[in-house]
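What follows is a set of notes on a single structure, which appears directly below.
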Amino acid sequence: MSGHVVVIGGGVAGCTAAVKASRDGARVTLVRRGVGSTALSTGAVSLDGVEGDLAGVELLESMVPLKSTGAKPGRFLVSSGAVLVAARVGSNHLAGALDDLEGKSVLVCGVTGFPAMNAADIARRLGSMKVKAEARVVQVPGLKRSFDLTAFPLAHALDDPTIAAGLAAAVKDEVGKGSFDAVALPPVMGLDGWQEMRGILDGVLGMPWFELLSVPPSVPGMRLHRSLMTSLGENGVTVLKADVKHATIKGDAVVEVRAWDGEQVHVLEPDEVVLATGRFVGGGITLEEGGRETLLGIDVPVAGQGWQEEHLDAGVATDGDLRPVDAQGKVVFSNVRAAGAVRQGGAYSRGKGGMGIAAVLGHRAGMLAAAARRSDRTGALRTVEALPRAGQEGCLGCEVCSSVCPVLGESARVGTWYPGPRGLGGLSRSGPLLEAAGDQVALCTLCGACSSMCPVGASNHDTVAALRARILDEYPESAPEAHRALPAVLAEHGNVYGTTLEPLEGPRRTDAEIAFFPGCSLSYFERESAAGTIKLFEALGVPFSLVDGVCCGGPLDVLGQDVPAEAVEKNREAVKKTGARVVMATCPRCAHRLSHDLDLEGVRVEHTLETLDRILADSPALERIREKLGGRVVTYHDPCELGRYRGLYENARRVLELAGVRLVEMARARDRSACCGAGGGLRSVNPKLSREISRRRVAEAIDTGADILLTECPSCLHNLRTGKKRKQKIEVDDVTALLGGAL
2 MSGHVVVIGG GVAGCTAAVK ASRDGARVTL VRRGVGSTAL STGAVSLDGV EGDLAGVELL
62 ESMVPLKSTG AKPGRFLVSS GAVLVAARVG SNHLAGALDD LEGKSVLVCG VTGFPAMNAA
122 DIARRLGSMK VKAEARVVQV PGLKRSFDLT AFPLAHALDD PTIAAGLAAA VKDEVGKGSF
182 DAVALPPVMG LDGWQEMRGI LDGVLGMPWF ELLSVPPSVP GMRLHRSLMT SLGENGVTVL
242 KADVKHATIK GDAVVEVRAW DGEQVHVLEP DEVVLATGRF VGGGITLEEG GRETLLGIDV
302 PVAGQGWQEE HLDAGVATDG DLRPVDAQGK VVFSNVRAAG AVRQGGAYSR GKGGMGIAAV
362 LGHRAGMLAA AARRSDRTGA LRTVEALPRA GQEGCLGCEV CSSVCPVLGE SARVGTWYPG
422 PRGLGGLSRS GPLLEAAGDQ VALCTLCGAC SSMCPVGASN HDTVAALRAR ILDEYPESAP
482 EAHRALPAVL AEHGNVYGTT LEPLEGPRRT DAEIAFFPGC SLSYFERESA AGTIKLFEAL
542 GVPFSLVDGV CCGGPLDVLG QDVPAEAVEK NREAVKKTGA RVVMATCPRC AHRLSHDLDL
602 EGVRVEHTLE TLDRILADSP ALERIREKLG GRVVTYHDPC ELGRYRGLYE NARRVLELAG
662 VRLVEMARAR DRSACCGAGG GLRSVNPKLS REISRRRVAE AIDTGADILL TECPSCLHNL
722 RTGKKRKQKI EVDDVTALLG GAL
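Numbering-wise, my numbering comes out as the position in the sequence shown, counting from 1, plus 1.
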């Protein structure tokens with residue numbers, strides 16, 4: 002039985018391989034760079050080209066919301082007017098099987114300002130297939146934009162029940178003007194809230210309806226991707242959003258994989274590797290040098306170079322156990338299996354099989370990897386550097402980023418122009434356009450939501466930091482005053498507020514086990530919360546001390562600038578004075594900077610939630626906390642830099658469970674959490690916009706019915722408190738202060 006299976010790739014092949022290996026008893030880590038080609042799929046699964054065992058397809062059905070078309074595949078219409086034959090489709094598409102619609106009357110409803118589906122063209126297409134069809138175009142009440150709508154922003158808008166109900170009512174009005182058996186709708190009926198949208202349409206229309214299948218950018222495809230990610234967690238798979246940079250080979254076995262997540266390098270030691278890096282979107286294959294796989298440098302079959310004929314229409318050639326082979330049929334890597342488009346090759350581009358074949362290959366790769374015996378690890382060591390992958394810098398124009406950007410919608414409401422993630426990417430390629438763009442580039446909160454959703458894994462938040470650095474260097478007069486002044490303020494005062502910060506009250510000792518680095522915001526804006534945090538850790542039964550340091554320099558990260566060596570040295574000496582082996586920070590940015598800069602042997606940096614998660618269960622104070630807080634109803638806001646940057650989502654939830662409170666989640670939580678508007682320095686350059694974004698987040702918290710909105714980031718805490726209106730009864734606090742207050 003394999004101990005540790007590392008799957009590289011987050012598409013259908015990678016996810017089915019990971020879940021199968023996990024269910025078969027292996028410890029599984031899946032590394033993904035972007036959301037992959039699944040998010041660009043039509044939303045349907047063809048079994049064309051799938052032979053033999055369908056266990057992989059059945060596994061896929063258990064992971065995502067797909068429905069079988071019955072004994073034989075069905076024909077379905079795509080929003081482009083094309084007909085697709087599919088064996089599995091989403092529940093929103095099933096009623097659109099063309100064979101079942103023959104002779105019936107269908108109302109085709111388009112949406113005003115959404116050019117990606119032409120209702121009249123679809124109606125004519127249905128008419129050619131013996132379906133009576135009429136076209137209508139409806140206005141969606143409540144939408145701020147009435148023209149040039151794209152798929153993801155529209156689907157995201159329909160996650161709002163009020164807007165969804167408005168669309169349903171508008172469609173119902175059109176249904177009442179004729180006699181129809183079914184309604185055809187664009188493939189944008191909700192993104193995160195598509196099931197709620199389905200319930201609204203069912204209730205209002207009271208008749209069969211269906212979404213067309215989609216061309217990219219695909220909302221149905223993104224639904225499948227998100228379901229896959231949820232299924233990975235439910236099946237115990239560890240997911241890293243990171244980019245594999247190089248692998249270490251010993252003999253013919255991969256013994257180490259290193260992946261960079263933008264914050265740190267993850268070193269993985271696999272027993273087996275499943276290579277599911279895709280082909281087109283994932284960039285698993287490059288055609289340079291005659292054809293080559295991009296992570297391990299495996300040769301790809303090329304005509305005239307000795308390859309067998311059956312390999313020439315594939316990606317990576319494999320043996321019967323999916324292990325890569327060379328032109329002579331010799332296994333290249335004994336503990337690597339290739340699955341999905343990186344192996345499937347050209348078949349996908351011709352529409353043969355697609356996700357069906359990917360699921361079958363992924364299932365088989367996961368099964369073989371989990372059952373494999375550890376391969377021989379003798380031989381010379383060598384390192385393979387990953388090649389630049391196709392599509393890494395290329396925007397697909399899918400607008401996924403726009404659908405999750407917290408600034409785009411609110412900027413229009415407060416009268417500020419913002420180019421959005423795609424526009425910022427365009428600015429990065431044209432220096433002269435930056436001359437007057439300083440104020441606009443400064444509006445990004447660096448929340449990373451756009452990067453987390455990008456199919457090609459573009460690091461948009463890194464691009465913004467680089468743009469700000471260029472503006473300060475090349476066009477400083479274009480930069481906001483707050484950006485221009487920050488470096489000097491930090492150098493003179495040691496904090497971002499340009500003033501003297503009174504030291505917090507608390508223990509200062511030289512024999513501490515845990516040292517608390519409070520940072521600027523907690524020391525300046527939220528001193529009561531700081532006091533609660535200090536009180537909590539004093540009561541936990543471990544030697545505890547405050548660190549009297551200066552700003553960690555994290556605010557300079559948002560400007561793409563380096564932290565001064567003097568500040569690093571001051572903090573290093575302040576930590577050494579405490580004698581602590583663990584330094585913790587409530588601010589995720591402080592935790593990030595200190596973990597990179599302190600460089601003290603034997604000293605570990607943690608976020609406060611990591612520390613609490615580690616020690617609270619054994620603390621003598623826990624029972625008192627539970628007695629005081631038991632039964633309180635709370636909701637939790639995931640700070641962007643703690644979640645999307647550092648991958649810490651469950652620590653807070655485990656701590657809250659220990660504390661005895663009842664947690665109710667907001668509609669957008671964990672990796673889908675909505676930004677509160679505090680990050681990226683937005684509050685310093687446009688406080689009104691920052692406040693309006695936070696008000697939307699507070700409203701989401703109120704919708705849960707919770708008494709308290711919790712977070713664990715001083716900037717989030719302050720901004721959420723700023724965004725809460727006086728008449729709103731919900732409290733806003735951080736986790737550690739709440740627990741400390743109970744003591």
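No residue lacks a Cβ here, since even glycine has one placed at the ideal position from N, Cα and C.
Remember, predicted model here, so these are calculated numbers, not experimental data.
Integer Cβ distance of residue i from residue j, believed to fall under 8 Å
i	j	result
Phe77	Leu85	5 Å
Leu206	Val172	7 Å
Gly111	Pro187	7 Å
Trp261	Ala243	6 Å
Leu537	Thr737	5 Å
Asp182	Pro209	7 Å
Met223	Asn93	Actually they do not touch by this definition, with Cβ atoms about 13 Å apart.
Cys406	Ala450	7 Å
Rounded straight-line distance, which links the Cα of residue j to that of residue i
i	j	result
Leu428	Ala152	23 Å
His494	Cys445	26 Å
Val258	Ala318	22 Å
Arg199	Val184	13 Å
Arg510	Lys578	8 Å
Gly357	Val58	6 Å
Pro221	Trp418	30 Å
Arg605	Thr70	54 Å
Ala586	His608	5 Å
Gly648	Cys641	9 Å
Ala668	Pro422	23 Å
Val6	Glu52	26 Å
Ser180	Ser403	38 Å
Leu159	Asp704	17 Å
Lys681	Ala443	A small fix is needed here, since residue 681 is Gly in this sequence, not Lys. Taking the straight line joining both Cα atoms gives about 8 Å.
Thr712	Ala622	21 Å
Ala653	Ser232	21 Å
Phe518	Leu547	6 Å
Ala575	Pro218	51 Å
Gln345	Ala315	5 Å
Leu580	Asp272	The sequence given here places Gly at residue 580; Leu does not occur at that position. The straight-line gap from Cα to Cα measures roughly 39 Å.
Ala470	Met368	48 Å
Ser350	Asn336	Summary for Ser350: the model assigns pLDDT 37, below 50, so the residue's position carries little reliability; its value from the coordinates is reported in the next sentence. Going from the Cα of Ser350 to the Cα of Asn336 covers about 28 Å.
Val583	Ile515	5 Å
Within 8 Å, strictly: CB atoms of residue i and residue j
i	j	result
Gly75	Asp49	no
Ile123	Val109	yes
Arg663	Gly632	yes
Gly4	Gly37	no
Ser412	Gly237	no
Val216	Ser80	yes
Ala248	Val255	yes
Ala675	Arg698	yes
Ala166	Ile201	yes
Asn572	Cys588	no
Asp619	Tyr650	no
Ile616	Val275	no
Asp440	Gly252	no
Leu229	Met454	no
Glu175	Val132	no
Beta-bridge pairing of residue i - partner residues as DSSP gives them
i	result
Tyr637	Leu711
His5	Arg28
Lys133	Ser106
Arg259	His247 and Val268
Trp210	Val184
Asp735	Thr712
Met585	Phe517 and Glu607
Ser69	Arg89
Pro325	Thr319
Leu48	DSSP, once it has assigned bridges, lists no residue as partnering Leu48.
Val240	Leu31
Distance cut-off 7 Å: residue i Cβ against heavy atoms of the ligand SAH
i	result
Ala117	With respect to the ligand SAH, the structure shown offers nothing to examine, as it has no ligands at all.
Min CB distance residue i to chain D below 8 Å
i	result
Leu659	Any reference to chain D falls outside this structure, which holds one protein chain only.
- request: Let me know the alpha helix (DSSP H) ranges lying completely inside the stretch 419–474, each 4 residues or longer, listed in chain order.
  value: 421–428, 439–442 and 450–454
- request: Can you check the stretch 630–698 for any beta strand (DSSP E) of at least 3 residues that lies completely inside it and give the ranges in chain order?
  value: 634–637
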